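What follows is a set of notes on a single structure, which appears directly below.
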Amino acid sequence: MRNPGIQLSIYVLAVLLMANLNAATDAFLHPELAYFDKEHLLVGSISGLFTALLGGFLLLYIRKTNAALTKLNRLNARLRDQTIRDGLTGLYNHRHFQEMLHHEFLLARRHNSDLACLMLDLDRFKEVNDTYGHPFGDHVLAGTATLILNETRITDTVARYGGEEFAILLPNTDEQGALAIAERIRTKAENYLHRQREIARIVTISIGLATLTTNQPERPEQLLTLADQALYEAKTAGRNRVIASLAAPAQAA
330 MRNPGIQLSI YVLAVLLMAN LNAATDAFLH PELAYFDKEH LLVGSISGLF
380 TALLGGFLLL YIRKTNAALT KLNRLNARLR DQTIRDGLTG LYNHRHFQEM
430 LHHEFLLARR HNSDLACLML DLDRFKEVND TYGHPFGDHV LAGTATLILN
480 ETRITDTVAR YGGEEFAILL PNTDEQGALA IAERIRTKAE NYLHRQREIA
530 RIVTISIGLA TLTTNQPERP EQLLTLADQA LYEAKTAGRN RVIASLAAPA
580 QAA
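Here this note's numbering is used: the first residue of the sequence shown is 330, the next is one more, and so on.
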């Protein structure tokens with residue numbers, strides 16, 4: 330970040346240094362002149378001391394300013410991060426997911442690439458909350474979020490969509506690739522949840538997905554709706570399964 334005060338201070342320091350160098354240069358070029366008598370040495374010493382003090386203050390000012398700017402940038406980054414992430418899981422929140430959905434949809438259309446959207450929901454999660462309380466339920470949600478992150482790429486968008494529901498955007502991923510990732514998440518989530526407590530065996534995960542190439546949605550909202558409809562089908566078909574949407578865009582609300 331450019332700072333006019335810092336630039337001016339550096340300029341003044343450079344001018345003072347050059348002024349002191351001129352006397353040394355003249356003494357070298359004209360040794361017959363008494364540039365180093367007591368009077369000149371006194372003036373040069375005072376000027377050098379003043380320059381050194383000014384330079385020290387300027388360096389201190391620059392260091393403090395840079396430190397303040399660095400701290401401010403970190404605070405701004407932390408604040409922005411807090412506004413786009415879910416406090417419990419650390420995943421992106423609902424609002425940021427919607428923004429990324431529009432961004433990735435337009436990007437995929439522009440580059441003629443595929444985009445997969447996954448909607449995930451923990452089955453019978455309310456029973457666990459009612460039996461063991463919300464702290465244990467929060468523990469399960471946070472663990473599930475970590476598991477999902479471990480099965481996705483850094484370029485994917487993973488969000489807590491609301492409650493016990495998660496959403497994932499997979500750029501450059503066709504239906505077969507999305508199905509493989511979804512099934513891997515489902516299997517590992519099932520194993521993770523079954524290890525938590527005996528009662529958690531009733532908790533599994535259902536996943537619905539839709540892709541740009543297969544479903545041909547006209548708008549980003551249609552892609553999300555198709556994935557959500559597929560999730561509902563997975564729930565009604567018995568839960569703990571992955572279903573890919575076969576619906577056409579006209580069938581999406």
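The beta-carbon is built from N, C-alpha and C at its ideal position, and this holds for glycine as well. Predicted, not measured: the structure shown is a model, and the values here were computed from it.
Where the alpha helix (DSSP H) containing residue i begins and where it ends
i	result
Ala-496	Looking at the DSSP string, Ala-496 is not in any alpha helix (DSSP H); the run it does join, the beta strand (DSSP E), is 494-500.
Thr-280	Absent from the structure is residue 280, since the part of the chain shown begins at 330 and ends at 582.
Leu-420	Here Leu-420 belongs to no alpha helix (DSSP H), and DSSP marks it neither H nor E.
Ala-471	463-479
Delimiting residues of the beta strand (DSSP E) encompassing residue i
i	result
Leu-450	Note that residue 450 is Asp in the sequence shown, not Leu. Unbroken beta strand (DSSP E) run through Asp-450: 444-451.
Residue burial classification, residue i (beta-carbon count within 10 angstroms, cutoff 16)
i	result
Leu-388	exposed
Ile-497	buried
Glu-428	exposed
Ala-437	buried
Asn-544	buried
Gly-279	A question about residue 279 goes unanswered here, because the residues of the chain that appear run from 330 up to 582.
Pro-464	exposed
Thr-565	exposed
Glu-433	buried
Ala-582	With a pLDDT of 44 at Ala-582, under the threshold of 50, the modelled position of that residue is not reliable, and the figure given next carries that caveat. With fewer than 16 other Cβ atoms within 10 Å, it is exposed.
Arg-515	buried
Gln-290	No information on residue 290 is available, as it lies outside the stretch 330 to 582 that the chain covers here.
Asp-450	buried
Thr-554	buried
Ser-574	buried
Asp-459	exposed
Ile-534	buried
Ala-556	buried
Ala-397	exposed
Leu-401	exposed
Ala-529	Only weak support exists for where Ala-529 lies, its pLDDT of 49 falling under 50; the value from the coordinates is given anyway. The residue in question, Ala-529, is buried, as its Cβ has 16 or more Cβ neighbours within 10 Å.
Leu-404	exposed
Pick from the options that is closest to residue i, judged by C-alpha positions
i	options	result
Ala-282	Leu-430, Lys-564, Ser-574 and Tyr-561	Any property of residue 282 remains undetermined from this structure, which presents the chain solely from 330 to 582.
Val-532	Thr-473, Leu-404, Thr-486 and Asp-557	Thr-473
Gly-466	Asn-501, Leu-417 and Leu-478	Leu-417
Ala-509	Asn-520, Glu-519 and Thr-481	Thr-481
Tyr-421	Asn-501, Thr-460 and Thr-486	Thr-486
Asn-479	Ala-511, Tyr-461, Glu-504 and His-440	Ala-511
Ala-576	Leu-401, Ala-559, Ser-535 and Thr-475	Ala-559
Thr-542	His-440, Gly-462 and Ala-471	His-440
Leu-521	Ala-445, Ser-574, Arg-392 and Leu-476	Checking the sequence shown, residue 521 turns out to be Tyr, not Leu. The shortest Cα separation from Tyr-521 among Ala-445, Ser-574, Arg-392 and Leu-476 belongs to Leu-476.
Arg-414	Pro-546, Thr-484, Phe-426 and Met-448	Phe-426
Asp-503	Thr-540, Val-469 and Thr-484	Thr-540
Ala-563	Met-448, Thr-412, Ala-396 and Gly-419	Met-448
Arg-568	Glu-519, Arg-403, Ser-442 and Leu-401	Glu-519
Pro-546	Tyr-561, Arg-513, Asp-443 and Leu-499	Asp-443
Pro-549	Gly-419, Asn-402 and Leu-435	Leu-435
Arg-513	Leu-470, Val-571 and Gly-419	Val-571
Pro-500	Ala-445, Phe-386, His-423 and Arg-424	Ala-445
**Asked** Okay, do the stretch 487-497 and the stretch 444-458 touch, 3+ Cβ pairs below 8 Å being the bar?
**Response** A contact is defined here as three or more CB-CB pairs under 8 Å, and the stretch 487-497 meets this definition with respect to the stretch 444-458.
**Asked** Which parts of the stretch 521-572 are runs of the alpha helix (DSSP H), unbroken and 4 residues or longer, counting only runs that do not cross its ends?
**Response** Listed in chain order, they are 541-544 and 549-565.
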